[in-house]
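Residue numbers (this note's numbering): 216 to 339. Note that CB positions come from ideal geometry on N, CA and C, so glycine has one too. Worksheet for the structure shown next.
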RNA sequence: CGGGCCGGCCGGGCGACCGCGUUGGACCUGGAUCACUCCAGGGCCACCGAGGAAGGUCCGGGCUCCGCAGAGCAGGGCGGUGGGUAACACCCACCCGGGGCAACCCGCGGGACAGUGCCACAGAGAACAGACCGCCUCCCGAGUCAGUAGCACCGACGAGGGAGGUAAGGGUGAAACGGUGGAGCAAGAGACCACCAGCACGCCGGGUGACCGGCGUGGCUAGGCAAACCCCGCCCGGAGCAAGAUCAGACAGCGCACGUCCGAGGGCUGCUCGCCCGAGUGCGCGGGUAGAUCGCUGGAGGCCGUCGGCAACGGCGGUCGUAGAUGGAUGGUCGCCCCUCCUCCCGCAAGGGCGGAGGACAGAACCCGGCCUACAGGCCGGCCCGUUCG
RNA sequence: UGGGAUAUGGUGUAAUUGGCAACACAGCUGGUUCUGGUCCAGUCGUUCUAGGUUCGAGUCCUAGUAUCCCAG
C-alpha cells in the first residue's frame, strides 16, 4: 500500500504544506503540495512523503478509516510521479464518505494533474 | 395451523492479483567492537492480524504512583431476603406488590406514632376533620283548613326565623376517617350485633430469612408524598497507562513575595484535628523540549468432561492458547456462490430464467467483570393460549 | 483521560416552593387603505427522546441522544 516511511507523521509538516503549499481541490478531496521544504525535511530524507487529513465531519470512525485506506491505495499507485522531497497532504471532504473508489480516483487525478504532477497518459 | 412468551447462538462463504503491521528466519549494505556480539537500513520467506457490541464511558475491580491512606464532620453511592463473585449499581433463586386467560413480564421494594414540610383547582370540610343541602326535636310564627251565624279559644297543616341533635344520603375531588346486613332511634351514628376487609398485640406451626398459614384478644379505623428535607443501616483515601520507570537531547535567566527548626511550602479530594516530608517554594515575564525503549499483553482466560448446587456459580481433570498500532496496521480491485427486493419473459399453478439493485450496526489503544445503547438477515431449543383432527 | 453545562413555536429568551406553557421578532390568514407600510385580530408547541415517582412533571428520578465548554 504505502509504507510508513513515506508518510507524514509530524504536525509541523502538515502545517507547512497546508499553509505554504500549492492547493488543488475537487468534489471529494483537497490536495496540498509543498516542493522542497527544507525546514521540515531532514537531510537524510529524499523521497516524497504523503499525509492524510480526514476530519470528524466526514463520518464516524469506520467511514473515516475506509476513506483514508482508499486514498492510501490510490496515492501508492501514483507514488512514482511525485518528485523527491515533496510533501503532499490529501484532505478528504464530507462528500468522500459516500463516493465509490472510482470517484475518489478521478478527483485525486484531477487535483494532481492541476498540480502538474501527473502525465496525461497515466490518467485512468 | 394461527397467535404469543422466554432462552441460547451466528452475524456472509470460497478464490485470484496487488498491498500494510507485529514477530521469527536466513541474506545483503553500513556502523560500533581486538573478538564474542550488538545496532540501523533494505528487499525475500513464513506465521498471525478487530467486535458482539471493539461503541457510550454509566458502575465495579486488577495494575501503577502518591512517605501505605488515622479520627470527626461534610460529601457521594446503595436500599425486600438469601446466595454467587476479586468486587459491583451486576447475576441467580425466593418473598411482597402490580399487570396478563396463561407461558411470563414489570417494580430506586428500608422508615410517614423522631421531627419539619407539601397536598393546587373544586368542595361544607384536605389532616388534633368538617356541617352546604338534607333529616329530626323544641320554640316563635305570616297565613291556610276545620270549627262558629260571625269572631275568639281549642285542634290540624304551615312559608319563614331561632335554639339544638345528627352524619345515614346528595354533591366535589386523585384522595372524605371502614364495607354489607340487622337491631336501635325523634332522626341518626361501631353507640350495639353478625360477617367481611384492614390494624395492633399474644400464642402455635413452617421457612436460614424476607415472609406465609392458623387461633385468640383488643379497640372499632390509624390518608398520601421520603425519585420533599430528613432519619436508619451498609459501603467509599486520591489520581490515573498522557499512571509510572529508564535513556538520550535542548535551554537563560530576571523581577516580586514568603521562609530555613518562632519553620515557607507540600502530601493525605473539601473543612477541622492529627500525622509526615521539609530548604526552598509560589506568582509574573522570558526561553527550551515534547524523541526512543519498557510498561504492552497469559488473564478473576476460553472450550470439553465430571462432581456439588433449583440456579447464578464453584471444585477437580484434560485441552487450546495466535492483535499490539502510536498522524495510529488489520486493506484495495475483481470473480463465483448464498439471501432479499424490482422490471421483463415462460408456465393454469408450484416454480424457473435474463438483467438490475441491495446485504446491518459498527474499528482494538493498559487489561478484565458487568450495565446501557445500535443492529440487515438467519439458526436452534423450551413453554403458553386458541382451533382442528386422532 | 477527568470534570462541567445546556436542550422550550422558525429565531432569541421566560415560567415563585411540582398546579392553565408566557414575551418579543419573523412567517401565514383576515381586516383597515386606492395600493404598500403602520395598526388591529387570529394562527403556528411530540417543552431533545424513552421510561418512572406523583392525583398532577417544562420542573423530581433513571437511562439515552445531540451540542458546547474547561483541565491535562
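- [ ] Kindly list the residues whose CB is nearer than 6 Å to the CB of residue 308, restricted to its own chain and excluding five residues on each side of it in sequence; keep chain order.
- [x] For the purposes of this step, residue 308 is taken as the residue at position 93 of the first chain. The beta carbon of residue 308 sits closer than 6 Å to those of 243, all from its chain and outside the five residues before and after it, given in chain order.
Task: C-alpha distance - residue 269 paired with residue 293, whole-angstrom precision - done: If you number the first chain from 1, residue 269 lands on position 54. If you number the first chain from 1, residue 293 lands on position 78. Using only the alpha carbons, I get a separation of about 20 Å.
Task: At least three beta-carbon pairs within less than 8 Å, the stretch 223-231 to the stretch 276-285 - done: Flag = no, the stretch 223-231 and the stretch 276-285 do not touch.
Task: Between the CA atoms of residue 298 and residue 310 - distance to the nearest angstrom - done: Position 95 of the first chain, counted from the start, is the residue given in the question as residue 310. Position 83 of the first chain, counted from the start, is the residue given in the question as residue 298. About 29 Å.
- [ ] With residue 236 as the anchor, note down where its beta strand (DSSP E) starts and where it stops.
- [x] Here residue 236 refers to the residue found at position 21 of the first chain. Going by DSSP, residue 236 is part of no beta strand (DSSP E) at all; its letter is neither H nor E.
Open item on the list: Tell me the DSSP secondary structure of residue 277 in three-state form.
Closed with: Counted from its first residue, the first chain places residue 277 at position 62. In this structure, residue 277 counts as helix in the three-state DSSP scheme.
Task: Coarse secondary structure for residue 269, derived from DSSP in three states - done: By 1-based counting over the first chain, the position of residue 269 is 54. Here residue 269 sits in strand by DSSP.
- [ ] Write down every uninterrupted run of the beta strand (DSSP E) in the stretch 278-307 whose length is 3 residues or greater and which is fully enclosed by it, in chain order.
- [x] Runs of the beta strand (DSSP E) inside the stretch 278-307: 302-307.
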